[in-house]
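Heads up: the structure comes next, in structure tokens.
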Amino acid sequence: MAERVIPLVDERHGTFATPLAVFNPALQIRPNGLLSDTLGRPLNDLRISVTDRCNFRCSYCMPKEIFDKDYPYLPHNALLSFEEITRVAKAFVAHGVRKIRLTGGEPLLRKNIELLIEQLAMLRTVDGEPLDITLTTNGSLLKRKAKALKAAGLQRVTVSLDGLDDAVFRRMNDVDFPVADVLEGIAAARDAGLGPIKVNMVVKNGTNEHEILPMARHFRGTGVVLRFIEYMDVGATNGWRMDEVLPSADVVRLIGQEMPLVQLDPTVAGETAERWGYAGANGQHDPGKGEIGVISSVTQAFCGDCNRARLSTEGKLYLCLFASQGYDLRSLLRGVPSGQDTDQLLSSAIGHIWRGRGDRYSELRASLPADVGGGGRRVEMSYIGG
Ligand code: SAM
Ligand code: SF4
Ligand code: SF4
Numbered sequence: 060m061a062e063r064v065i066p067l068v069d070e071r072h073g074t075f076a077t078p079l080a081v082f083n084p085a086l087q088i089r090p091n092g093l094l095s096d097t098l099g100r101p102l103n104d105l106r107i108s109v110t111d112r113c114n115f116r117c118s119y120c121m122p123k124e125i126f127d128k129d130y131p132y133l134p135h136n137a138l139l140s141f142e143e144i145t146r147v148a149k150a151f152v153a154h155g156v157r158k159i160r161l162t163g164g165e166p167l168l169r170k171n172i173e174l175l176i177e178q179l180a181m182l183r184t185v186d187g188e189p190l191d192i193t194l195t196t197n198g199s200l201l202k203r204k205a206k207a208l209k210a211a212g213l214q215r216v217t218v219s220l221d222g223l224d225d226a227v228f229r230r231m232n233d234v235d236f237p238v239a240d241v242l243e244g245i246a247a248a249r250d251a252g253l254g255p256i257k258v259n260m261v262v263k264n265g266t267n268e269h270e271i272l273p274m275a276r277h278f279r280g281t282g283v284v285l286r287f288i289e290y291m292d293v294g295a296t297n298g299w300r301m302d303e304v305l306p307s308a309d310v311v312r313l314i315g316q317e318m319p320l321v322q323l324d325p326t327v328a329g330e331t332a333e334r335w336g337y338a339g340a341n342g343q344h345d346p347g348k349g350e351i352g353v354i355s356s357v358t359q360a361f362c363g364d365c366n367r368a369r370l371s372t373e374g375k376l377y378l379c380l381f382a383s384q385g386y387d388l389r390s391l392l393r394g395v396p397s398g399q400d401t402d403q404l405l406s407s408a409i410g411h412i413w414r415g416r417g418d419r420y421s422e423l424r425a426s427l428p429a430d431v432g433g434g435g436r437r438v439e440m441s442y443i444g445g
């Protein structure tokens, strides 16, 4: 059989026009749920970006000056359909994926997203278990959609919220969206049973670090797990500077001075957040007070456990959040000559690509040139999915 070529051309982001042969279908990899990469990391977690559009313009993600009315968003026919996404997801699940996170852009902007969730909810892991299906949202449409999402089979949501002060929040989302509406969305998600809810706060030093304590006080004891994310150098448009990163250790210290914290064990391997529980009077974790998480992608790399793959809005597989090139799975879905088994090719392709993975950008960050992630212009987070 002739060697099949999966091209790595990323027309939208430019620089990689060289096709690269990554696998030969004669060397089939049959899925057995035990795939691992060159560093021995399994493939357990798939993040799917369902749209590259968003109704917010957070400056750290989709700055208004770049993402304006002239920005070349993907046309609808470039997006994977729900059937295509489900087909790809099924192939990933056979290789060991247990958790799927829908993201974007703003995933709730994708029309009829509930139908996709229904299809994904029918898949089963290699052990015959239902998948853990979750979604990250800015919360703006959650009040309206929470019940339908739950009914479709979504288990949990993560809501992004960068502060409680209305003026600060409106400035950070840069579309004048009020905090109250996001809080109502969180309440609606809780009422619909989409818990345990996580709230993500990106901390940008000089912009919202004074919101850390009010956010911690607000969510302590509510069952919501608040997670502080170090501002990251994702994409190529947010003008990232190291002096705007507030190390997670400072966040933990700040909160711990007022509300004592004890470190908790990770719940699963490959967990991105370090967990800290609020202590009771006896100095032990008081589950009633809950916990926080810190995600220290800048100051404390966690690539060693990274078991996450990312599927972009148009069906490219990315092996790292900081990658500059993706593997075009859509061309396999849409372009396979008749007579060939597309699902088998897809499965083998995923197997070969993951086996060749050696990405560990965060661990290498300090030694790389400032604008490089794995060798070129990095893709935007709104496209690859957070
Ligand atoms: N629109 C949805 C939202 O905001 O939750 C989902 C997509 S968003 C890209 C996913 C997550 O990435 C959000 O929690 C967001 O705060 C985070 N994020 C985006 N840009 C970031 C950056 N430069 N550093 C750290 N986190 C970032
Ligand atoms: Fe939109 Fe989410 Fe990016 Fe903010 S972080 S601009 S809400 S995709
Ligand atoms: Fe995973 Fe890449 Fe982040 Fe490292 S830098 S943890 S490999 S996504």
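With positions in the sequence shown counted from 1, the corresponding number in my numbering is that position plus 59.
For glycine and all other residues, C-beta sits at the position ideal for the given N, C-alpha and C.
Computed from a predicted structure; not experimentally measured.
Mind checking residue i: buried by the 16 CB within 10 Å criterion, or exposed?
i	result
residue 420	buried
residue 340	exposed
residue 327	exposed
residue 124	exposed
residue 70	Since pLDDT at residue 70 reaches only 39, below the 50 mark, its modelled position is unreliable, and no value is offered.
residue 188	exposed
residue 439	buried
residue 136	exposed
residue 237	exposed
residue 98	exposed
residue 103	buried
residue 317	exposed
residue 210	exposed
residue 252	exposed
residue 90	buried
residue 130	exposed
residue 167	buried
residue 441	buried
residue 25	Outside the shown range of the chain, which is 60 to 445, sits residue 25, and nothing can be said about it.
Out of curiosity, what's the CA-to-CA distance linking residue i and residue j?
i	j	result
residue 156	residue 415	17 Å
residue 325	residue 334	7 Å
residue 146	residue 194	19 Å
residue 42	residue 401	Residue 42 is absent from the model: the chain starts at 60 and stops at 445.
residue 178	residue 259	27 Å
residue 370	residue 133	15 Å
residue 287	residue 359	14 Å
residue 169	residue 234	19 Å
residue 215	residue 323	21 Å
residue 190	residue 366	16 Å
residue 291	residue 220	16 Å
residue 261	residue 344	25 Å
residue 142	residue 406	16 Å
residue 356	residue 386	24 Å
residue 417	residue 239	43 Å
residue 272	residue 264	14 Å
residue 275	residue 408	44 Å
residue 363	residue 100	8 Å
residue 222	residue 204	23 Å
residue 376	residue 171	23 Å
residue 311	residue 161	29 Å
residue 298	residue 423	20 Å
residue 180	residue 354	28 Å
residue 314	residue 403	51 Å
Between which two residues does the alpha helix (DSSP H) harbouring residue i extend?
i	result
residue 247	238-251
residue 126	No alpha helix (DSSP H) contains residue 126, which DSSP labels as neither H nor E.
residue 400	Element bounds for residue 400: n/a, residue is neither H nor E.
residue 271	271-278
residue 225	225-232
residue 391	388-394
residue 420	420-423
What residue does the beta strand (DSSP E) around residue i start on, and which one ends it?
i	result
residue 155	Taken as a continuous stretch (DSSP letters only), residue 155 belongs to no beta strand (DSSP E), as it is neither H nor E.
residue 287	284-289
residue 57	Residue numbering for the chain in the displayed model covers 60 to 445; residue 57 lies beyond these limits and cannot be assessed.
residue 352	350-354
residue 192	191-196
residue 259	257-262
residue 367	367-370
residue 200	Note, residue 200: premise wrong, no beta strand (DSSP E); not H, not E.
residue 235	Looking at the DSSP string, residue 235 is not in any beta strand (DSSP E), and its letter there is neither H nor E.
residue 172	Run containing residue 172: none in the beta strand (DSSP E); it sits in the alpha helix (DSSP H), 172-180.
residue 10	With the chain running from 60 to 445 in the structure shown, residue 10 is simply not present.
residue 321	320-323
Give a yes or no on contact between the segment 183-198 and the segment 142-156, applying the rule of three or more CB pairs nearer than 8 Å.
Output reads yes: the segment 142-156 touches the segment 183-198.
Quiz: which residues have CB nearer than 7 Å to ligand 3 non-hydrogen atoms:
Those residues, listed in chain order, are 356, 360, 361, 362, 365, 367, 379, 380, 381, 418, 419, 420, 421 and 422.
When the Cβ atoms of the segment 265-283 are set against those of the segment 348-363, are three or more pairs found closer than 8 Å?
The segment 265-283 is in contact with the segment 348-363.
Take every Cβ of the segment 189-209, pair it with every Cβ of the segment 223-230, and state whether three or more of those distances are shorter than 8 Å.
No, the segment 189-209 is not in contact with the segment 223-230.
Are at least three pairs of beta-carbons, each pair with one atom in the segment 298-316 and one in the segment 268-275, less than 8 Å apart?
The segment 298-316 makes contact with the segment 268-275, as at least three CB pairs between them are under 8 Å.
Indicate whether the contact test is met: 3 or more Cβ pairs, each with one atom in the segment 372-386 and one in the segment 106-122, closer than 8 Å.
A contact is defined here as three or more CB-CB pairs under 8 Å, and the segment 372-386 meets this definition with respect to the segment 106-122.
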